[in-house]
Amino acid sequence: MVDLSTKIGDIALSNPVLTASGTFGYGLEYSDFLDLGRLGGFVVKGTTLEGRQGNDYPRMAETPSGMLNAVGLQNKGVDHFIEHIYPRIRDCGSEVIVNVSGACIADYVACAGRIADRTELRVIELNISCPNVKQGGMAFGTTCEGASEVVSAVRKAWPGHLMVKLSPNVTSITDIAKAVEGAGADSVSLINTLLGMAIDVERRRPLLSTVTGGMSGPAVRPIAVRMVWQVAKAVGIPVVGLGGIRTASDALEFIMAGASAIQVGTANFIDPAVTMHIIDGLEDYCRRHNVERLMDLRGII
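Numbering (my numbering), first residue to last: 45 to 345.
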């Protein structure tokens, strides 16, 4: 038997395969295509204190080896999630992680506090890196001071595991990672999308209503692997890696670079069952290479 289990701090997972926020809905949307209980866990779409309509259309565009998105954290708010969504996914058999965002620090704190009332929820992913909103998001995650301030404030309101999602749109992601570690983060996830832009030359206008958006997909993977490798060597807390993962080999790059778990994002749009293929692929790799415990490969580079 191959042991795919891992731990992110005090959170034990059956395997390291998670899904990325904003690419997997609330899990329910994918339940016809895969067994949610086979996942190590899944991160629900970005959740804010109040409901948001998101940005105007068009807000998604395909690019070579990736995509741009500017959805803008569309959701019905944390109370709707707690009252109407969570009861339907609480017994799915894998870890439910809530991605929390806000327009100001008070919003982050209040949203985290509402989730803390549901003691079954053990992990939030604090999104200080979304490039698709006018207020909040990446504004907090591009300086050590801003990142520390919001993490410190949420730490006081949230007693569970605090994962912080980091932006690649910075000069030194290791400095940001060390700052949030010092402010009380239990783990970090990286990378969020890279800020990008595409133009329709025939119509002579941007493809997105917001002009710029977040780029994800296979094209960003080498950048993400490099950043995970750097951060894993710089901090003492677990690292969750994401960015362009489509296959077990992609996932293994992040694990060998130091990640304790990975998140699959854009690939979910292409193949709704891609996470199942990755789990199977990790098992196959370990058997072929006589690896009894997958996490023995973590950080070997």
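A virtual CB, placed ideally from N, CA and C, is assigned to each residue, including glycine.
| query | Hey, would you say aspartate 47 sits closer than 8 Å to arginine 337, going by beta carbons? | reply | To locate residue 47, count along the sequence shown from 1; it is residue 3. To locate residue 337, count along the sequence shown from 1; it is residue 293. Yes. Within cutoff.
| Straight-line CA distance for leucine 112 to isoleucine 168? | For the purposes of this step, residue 112 is identified with residue 68 of the sequence shown, where counting begins at 1. For the purposes of this step, residue 168 is identified with residue 124 of the sequence shown, where counting begins at 1. Answer to the nearest angstrom: the Cα atoms are 25 Å apart.
| task | Counting only runs of 3+ residues fully inside the segment 269-331, write out the beta strand (DSSP E) ranges in chain order. | result | 283-286, 305-308
| said: Give me the residue from Cys155, Leu234, Thr218 with the minimum Cα distance to tryptophan 202. | reply: Looking up residue 202 in the sequence shown gives position 158. When only C-alpha atoms are compared, the closest one is Cys155.
| said: Report the start-end ranges of each beta strand (DSSP E) in the segment 100-126 that is 3 residues or longer and not cut off at the edges. | reply: 104-107, 110-113
| field | Reduced DSSP secondary structure (H/G/I, E/B, other) of serine 192 | value | Stepping through the sequence shown from its first residue, residue 192 is reached at position 148. If DSSP states are grouped into helix, strand and coil, serine 192 belongs with the helices.
| said: What does the Cβ neighbour count give for glycine 110, buried or exposed, with the cut at 16 atoms within 10 Å? | reply: Numbered from 1 along the sequence shown, position 66 holds the residue referred to as residue 110. Buried, by the Cβ-count rule.
| Closest by C-alpha distance to arginine 103, when choosing among Gln97, Ala114, Val284 | Residue numbering aside, residue 103 sits at position 59 when the sequence shown is read from its first letter. Arginine 103 has its Cα closest to that of Ala114, out of Gln97, Ala114, Val284.
| message | Just to confirm my understanding: we take leucine 165, look at its own chain, exclude 5 residues before and 5 after, and list those with CB closer than 8 Å. What are they? | response | Taking the first residue of the sequence shown as position 1, residue 165 is located at position 121. Within the same chain, leucine 165 has close Cβ partners Tyr130, Val140, Val142, Ile159, Gly204.
| task | Tell me the start and end of each unbroken alpha helix (DSSP H) in the segment 134-182 that is at least 4 residues and wholly inside, in chain order. | result | 149-160, all fully within the segment 134-182.
| message | Quick check on alanine 56: buried or exposed, where buried means 16 or more other Cβ atoms within 10 Å of its Cβ? | response | As a working note, residue 56 is residue 12 in the sequence shown. It counts as exposed.
| To which residues does DSSP link serine 260 through a beta bridge? | As a working note, residue 260 is residue 216 in the sequence shown. Per DSSP, Met111.
| task | Could you pull out every residue in the same chain whose Cβ sits closer than 7 Å to the Cβ of glycine 137, ignoring the five residues on either side in sequence? | result | Here residue 137 refers to the residue found at position 93 when the sequence shown is read from its first residue. If we look at glycine 137 and ignore the five residues flanking it on each side, its Cβ neighbours are Leu80, Gly81.
| Can you give the Cα-Cα distance for threonine 237 and arginine 331, rounded to whole angstroms? | By 1-based counting over the sequence shown, the position of residue 237 is 193. By 1-based counting over the sequence shown, the position of residue 331 is 287. When rounded, the separation of the alpha-carbon atoms in threonine 237 and arginine 331 is 33 Å.
| said: So the candidates are Ile344, Met339, Ile345, Leu239; which of them puts its Cα closest to the Cα of proline 60? | reply: Locating residue 60 in the sequence shown gives position 16, where the first residue counts as 1. It is Met339 whose Cα lies nearest to the Cα of proline 60.
| task | Kindly indicate the opening and closing residues of the beta strand (DSSP E) around glycine 226. | result | As a working note, residue 226 is residue 182 in the sequence shown. Run containing glycine 226: none in the beta strand (DSSP E); it sits in the alpha helix (DSSP H), 217-227.
| task | Return helix, strand or coil for proline 212, following the three-state DSSP convention. | result | As a working note, residue 212 is residue 168 in the sequence shown. Three-state DSSP puts proline 212 in coil, outside helix and strand.
| said: On the criterion of 16 or more Cβ atoms from any shown chain inside 10 Å, does proline 212 qualify as buried, or is it exposed? | reply: If you number the sequence shown from 1, residue 212 lands on position 168. Looking at its Cβ environment, which holds 16 or more other Cβ atoms inside 10 Å, proline 212 is buried.
| Run through DSSP, which three-state label would leucine 48 get? | In the sequence shown, residue 48 corresponds to position 4, counting from 1. The answer is coil: DSSP assigns leucine 48 none of H, G, I, E or B.
| Alpha carbon of serine 293 to alpha carbon of glycine 66, nearest angstrom | The residue you call residue 293 lines up with position 249 of the sequence shown. The residue you call residue 66 lines up with position 22 of the sequence shown. So the alpha carbons of these two residues sit roughly 23 Å apart.
| Which one of Gln118, Val195, Val279 has the shortest CA to CA distance from tyrosine 101? | Translated into positions along the sequence shown, residue 101 becomes position 57. Checked all of Gln118, Val195, Val279; the closest Cα to tyrosine 101 is Gln118.
| request: Let me know the secondary structure DSSP gives histidine 205 once reduced to three states. | output: Walking along the sequence shown from the start, residue 205 turns up at place 161. Three-state DSSP puts histidine 205 in a strand.
| Leaving out the 5 sequence neighbours to the left and right, which residues in its chain are closer than 8 Å to alanine 242 when beta-carbon positions are compared? | In the sequence shown, residue 242 corresponds to position 198, counting from 1. Excluding sequence neighbours, alanine 242 sits near Ala105, Thr107, Leu112, Pro250, Leu251, Leu252.
| field | Nearest-angstrom beta carbon gap, aspartate 230 and leucine 206 [assumed within contact, 8 Å] | value | Within the sequence shown, numbered from 1, the residue matching residue 206 stands at position 162. Within the sequence shown, numbered from 1, the residue matching residue 230 stands at position 186. Contact flag correct, Cβ pair sits at about 5 Å.
| query | Taking one C-beta from the segment 68-78 and one from the segment 217-235 each time, how about it: are there three or more such pairs within less than 8 Å? | reply | no
| query | For glutamate 225, does the count of other Cβ atoms within 10 angstroms reach 16, so buried, or fall short, so exposed? | reply | Translated into positions along the sequence shown, residue 225 becomes position 181. Buried, by the Cβ-count rule.
| message | Which same chain residues end up closer than 8 Å to isoleucine 289 when comparing Cβ atoms and leaving out the 5 residues on each side of it in sequence? | response | Numbered from 1 along the sequence shown, position 245 holds the residue referred to as residue 289. Correct list, in chain order: Arg265, Ala295, Phe298, Ile306, Gln307, Val308, Gly309, Ala311, Ile322.
| Alpha carbon to alpha carbon, what distance is there between phenylalanine 68 and valine 284? | As a working note, residue 284 is residue 240 in the sequence shown. As a working note, residue 68 is residue 24 in the sequence shown. Going from the Cα of valine 284 to the Cα of phenylalanine 68 covers about 17 Å.
| task | Quick one: using the 10 Å Cβ neighbour count with 16 as the cut-off for buried, is aspartate 39 buried or exposed? | result | The question about residue 39 has no answer here: the residues shown for the chain are numbered 45 through 345.
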